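Novice: In our numbering, the protein residues as written are 9 to 186.
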């Protein structure tokens, strides 16, 4: 009997989610799915894996330790090593010692890597089409609301910082080895 009472109390204390929140979550999931699919296709068209493209997108912020890349993409550091090895082999990144701590290796995008990342980002039509249905002020409002949502989680802005950033992490989920 006590167990049943505890279960009833727990159910009564559980917050209810309003229908609008549920619909927003569903709509965001659909948008993320569309973005992820197009992002993977755009990366593949450039002979990149999605994970390689995400690393290049992250490096738009500037040089970054491999451990930070792994944390940002929510994957194992050993996966990042393989991804960076392949990007380095293609001339898209280099590894350099951190001037503040020579034990730390920074991953740095080369001109070719920055160019590949920019080309990939500019090829993404997914975001342009649905956003074109919004007026400029509405797009700015949506951007501000999304930033506020991310800031409340501590996630902060995506790769690239301000407006238009976020291609690396927007697909959601962990990076795959590639």
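We treat Cβ as the ideally placed atom computed from N, Cα and C, and that holds for glycine.
Predicted model, so just to flag it, every value in this text is computed and none were measured.
Can you check which of these residues, 80, 116, 108 and 110, is closest to residue 96 by C-alpha distance?
Specialist: Minimum Cα distance to residue 96 is reached at 116.
Novice: Given a cut-off of 7 Å, decide if residue 73 and residue 32 are closer than it, judged by their beta-carbon atoms.
Specialist: Not in contact: residue 32 and residue 73 (Cβ atoms no closer than 7 Å).
Novice: Say whether the segment 88-104 touches the segment 127-145, bearing in mind that this needs 3 or more beta-carbon pairs closer than 8 Å, one atom from each stretch.
Specialist: Touching, no, given that fewer than three Cβ pairs across the two stretches are closer than 8 Å.
Novice: Can you give, in chain order, each stretch of the alpha helix (DSSP H) that sits fully within the segment 95-152 and has at least 4 residues?
Specialist: List check, alpha helix (DSSP H) in window: 119-131 and 136-140.
Novice: For the segment 67-81 against the segment 143-161, do three or more pairs of beta-carbon atoms, one drawn from each stretch, fall closer than 8 Å, so that the two count as touching?
Specialist: Touching, no, given that fewer than three Cβ pairs across the two stretches are closer than 8 Å.
Novice: By the 10 Å Cβ neighbour count, where 16 or more other Cβ atoms means buried, how is residue 129 classified, buried or exposed?
Specialist: When all chains shown are included, residue 129 counts as buried.
Novice: Here's the rule: buried if 16 or more other CB atoms are within 10 angstroms of the residue's CB, otherwise exposed. What is residue 123?
Specialist: Classification of residue 123: exposed, given that the 10 Å Cβ count is below 16.
Novice: Quick one: what does DSSP say residue 85 is sitting in, helix, strand or coil?
Specialist: Residue 85: helix per DSSP, three-state reduction.
Novice: Can you tell me whether DSSP reads residue 71 as helix, strand or coil?
Specialist: DSSP places residue 71 in coil when its eight states are reduced to three.
Novice: In terms of alpha-carbon separation, which member of 77, 121 and 23 lies closest to residue 55?
Specialist: Considering only alpha carbons, the answer is 121.
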